[in-house]
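Numbering of the sequence shown is given in my numbering, commencing with residue 1497 and proceeding in unit increments. Where a beta carbon is used, it is the ideal one built from N, C-alpha and C, also for glycine.
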Amino acid sequence: MPEKPSQPNIPAYLPMLIGGARRDAASGKRFAVENPANGETLCEVAEGDAADIDAAVAAASAAAPAWAATPPLQRAEILNRAAAILAERMPEFVAVEVAQTGRPVREMRAQLARTPEWYSYFAAVSRTHESGVHPFGGPYLNYTRRMPLGVVGLVTPWNHPLLILTKKLAPALAAGNAVVIKPSEVAPITPLMIAEVLAEAGLPDGVCNVVTGFGPTAGAALCAHEGIDKLDLTGGTETGRRVAALAGERLTHFSGELGGKASVVVFDDVLDTEAAAATLFASFIAAGQTCVQGARLLVQNSVRDRVLEMLIERTRALQIGDPTDPTTQIGPMVSEKQLNIAMKYVEIGKQEGATLAVGGNRLTGGDYDKGYYHEPTVFSDVTNDMRIAQEEIFGPVVCVLGFDTEEEAIALANGTDFGLAASVWTRDISRGHRVAQSIDAGIVWVNDHHRIDPASPWGGFKDSGIGKENGIVCYEGYTKLQSIVVKLSDEPFDWFEDSSDKRYS
Ligand code: NDP
């Protein structure tokens, strides 16, 4: 039996990190970070706002040129050291992540174990990335070089606080940028800790700054700041629109990993047991609080009742409770706000006429009263126009919809404004590829769900975002491309003296 995580050793107060120094908010304000499993305060953090963002951007701007000029080999050595330190401190990171998000320790152990890979992968990319030599008519050499953008603002959510930040931080630093991080107000502790790890690994002061605070104050100030060369946000679609508009005003690069409502398409050639396991995992990992949650379970009508029955049975058996217990399968939701959203959508589903197949209630009594626990919930008899089928709930509430034909399945999978992810379950290899290629989503898994790798591009279509995380395409998104054209001939050129037919373009 795996052990419980050690109690996180979190100081009562955590200041911000600006220019390599621990800093209180200029206003002196602080706010509390809560453990959603029991409502207790884990610690206080500084409540940064526009003045602190100014200081952080100034520190990053001062540090950026030297970091940009640091050879890729040295940048890579620092990132590789950070990967090693993070791996060594993993139990501490897991314990804190469990405490601030309420996600079960088994999940966080599995998820965080891979985070060091992002630092080592992007360290390798920075050492090996090559630019091109391009065909150019006439006696010219045209080559391109990638340069860092400068100062990048990273705005991150609470659901995977370390992983999502890491997906941005590792490539941004590897490409030679300085960063200012505004983590979620709900889960700012591991973002502060990873900045410490990077400092210990030798990252120069000012290259990585963290301003804790709220979205409408610290977040908005960062996104409107003139000193920022790129904004990279993971968050809800509405936040994405606001931040993209601010980026547009200043013609700043923008990348947004936004909301989702992933479909899980199950054909009738899949074993019922496999279909039940697949839909259960896609629905309720992280208590449904993931952007790729399989919130829309599209099951072929010939097997729908059987799969639904097994899904209900397995949902009832899930062990919900203390996230530090290694046998717990579902923890609390991250906050009272998220719990209320889940409860609101359960009411909406009922009013819309969907059938509440299992779950539907806040869990109460005993220790449940102290935290924000909600039963894993499945609605059946759902139609695609219902709000529960269309709007992102971001909690343990999913819907089952039926289809008869492959064409219907594709139309349903595409019948949403979101386009982050989907999965297709079938034993028919041609159908697997065919359907995957017909779904308008940035990531489609075949016979699996929610797989990720630092080398594998990740990002949504439609209302789910702009840009990509992971892979070389992401590294390149943290650079600007300069094209250099060199004349190789010594032939004189004087357009206004010489009236012959010459080329000037
Ligand atoms: P939010 O959009 O509420 O917040 C994301 C971040 O933006 C937080 O740091 C938040 O600050 C900040 N923020 C809020 N308002 C503003 C503003 N006006 N200007 C600048 N920054 C602002 O998302 P959640 O934290 O609730 O995260 C859940 C959302 O993230 C879901 O929609 C989910 O789908 C999406 N997501 C997408 C992923 C993907 O890969 N596509 C992955 C994971 C999540 P504050 O600290 O105050 O909240």
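Item                                                                                                                                                                       : Value
Could you compute how far the alpha carbon of Ala1668 sits from the alpha carbon of Phe1992?                                                                               : 46 Å
Under the three-state reduction of DSSP, which class applies to Lys1525: helix, strand or coil?                                                                            : coil
Count the other CB atoms, across all protein chains shown, that sit within 10 Å of the CB of Arg1737; report buried if there are 16 or more and exposed otherwise.         : exposed
Between which two residues does the alpha helix (DSSP H) harbouring Ile1542 extend?                                                                                        : The amino acid at residue 1542 is misidentified as Ile; the sequence shows Ala. First-last for Ala1542: Thr1537 to Ala1542, but that is the beta strand (DSSP E), not the alpha helix (DSSP H).
Which class does Ala1560 belong to by DSSP, given the choice of helix, strand or coil?                                                                                     : helix
Cα separation between Val1761 and Val1931?                                                                                                                                 : 9 Å
Distance check for Lys1500 and Asp1821, CA to CA, integer angstroms please.                                                                                                : 6 Å
Have a look at Val1874 and Gly1973 and give me their C-alpha separation to the nearest angstrom.                                                                           : 39 Å
For Cys1719, does the three-state DSSP call read helix, strand or coil?                                                                                                    : helix
Classify Lys1840 as buried or exposed, calling it buried when 16 or more other Cβ atoms lie within 10 Å of its own Cβ.                                                     : exposed
Just list the residues that DSSP pairs Asp1725 with in beta bridges.                                                                                                       : Answer by DSSP bridge pairing: none, since Asp1725 is not bridged.
The alpha helix (DSSP H) spanning Val1601 covers which residue range?                                                                                                      : Val1601 to Leu1608
Mind checking whether Val1896 and Leu1776 have CB atoms under 7 Å apart?                                                                                                   : no
Is it the case that the stretch 1695–1709 contacts the stretch 1504–1519, given that we only count it when at least three CB pairs across the two stretches are under 8 Å? : yes
My guess is that Val1629 and Tyr1639 are in contact by the Cβ rule of under 8 Å, so how many angstroms apart are they, rounded?                                            : 5 Å
Shortest alpha-carbon distance to Ala1907 belongs to which of Asn1880, Glu1530, Ala1774 and Arg1927?                                                                       : Asn1880
For Phe2002, verify whether its CB is less than 6 Å away from any heavy atom of the ligand NDP.                                                                            : Because the chain here runs from 1497 to 2001, residue 2002 falls outside it and cannot be looked at.
Return the chain-ordered list of same chain residues with a C-beta closer than 7 Å to the C-beta of Glu1696, the five sequence neighbours on each side being excluded.     : Ile1581
With a cut-off of 8 Å, do at least 3 Cβ pairs link the stretch 1515–1534 to the stretch 1594–1601?                                                                         : yes
Taking the beta strand (DSSP E) that Phe1589 belongs to, which residues open and close that run?                                                                           : Run containing Phe1589: none in the beta strand (DSSP E); it sits in the alpha helix (DSSP H), Met1586 to Thr1597.
So Ser1798 is in the alpha helix (DSSP H); what residue range does that whole segment cover?                                                                               : Asn1797 to Arg1812
Taking 7 Å as the threshold (C-beta atoms), are Lys1678 and Ala1714 in contact?                                                                                            : yes
Along the chain, where does the beta strand (DSSP E) that runs through Phe1471 open and close?                                                                             : Since the displayed the chain opens at 1497 and closes at 2001, residue 1471 lies outside it and no answer follows.
Nearest to Val1766 by alpha carbon, out of Trp1921, Ile1506, Asp1990 and Val1707?                                                                                          : Trp1921
Given Trp1941, which residues of its chain have a CB within under 7 Å of its CB, disregarding the five upstream and five downstream residues?                              : Ser1919 and Arg1947
Does the separation of the CB atoms of Thr1662 and Thr1730 fall below 7 Å?                                                                                                 : no
Is Asn1655 near the ligand NDP, in the sense that its beta carbon is under 6 Å from a heavy atom of that ligand?                                                           : yes
Looking only at its own chain, which residues have a Cβ that is under 6 Å from the Cβ of Gly1855, when we skip the five neighbours before and after it?                    : Glu1871, Pro1872 and Thr1873
Given this structure, state the Cα-to-Cα distance separating Ala1951 from Ala1743, to the nearest angstrom.                                                                : 27 Å
Just verifying my parser: in three-state terms, what is the DSSP assignment at Met1839?                                                                                    : helix
Is Glu2018 near the ligand NDP, going by C-beta to nearest heavy atom under 6 Å?                                                                                           : Because residue 2018 is not part of the residues shown, which for the chain are 1497 to 2001, the question remains open.
In chain order, what residues of the same chain lie with their CB nearer than 8 Å to the CB of Ser1621, ignoring the 5 residues before and after it?                       : Note that residue 1621 is Val in the sequence shown, not Ser. Taken in chain order, the residues that qualify are Pro1667, Ala1670, Ile1968 and Tyr1971.
Taking the alpha-carbon of Ala1741 as reference, which of Ile1962, Gln1834 and Ala1774 has the nearest alpha-carbon?                                                       : Ile1962
Go ahead and pull the three-state DSSP assignment for Lys1757.                                                                                                             : coil
Based on DSSP bridge pairs, tell me the residues matched to Leu1694.                                                                                                       : According to DSSP, which records beta bridges pairwise, Leu1694 is partnered with nothing at all.
Report the option in Tyr1868, Ile1925 and Gly1817 whose CA atom is closest to the CA atom of Glu1832.                                                                      : Tyr1868
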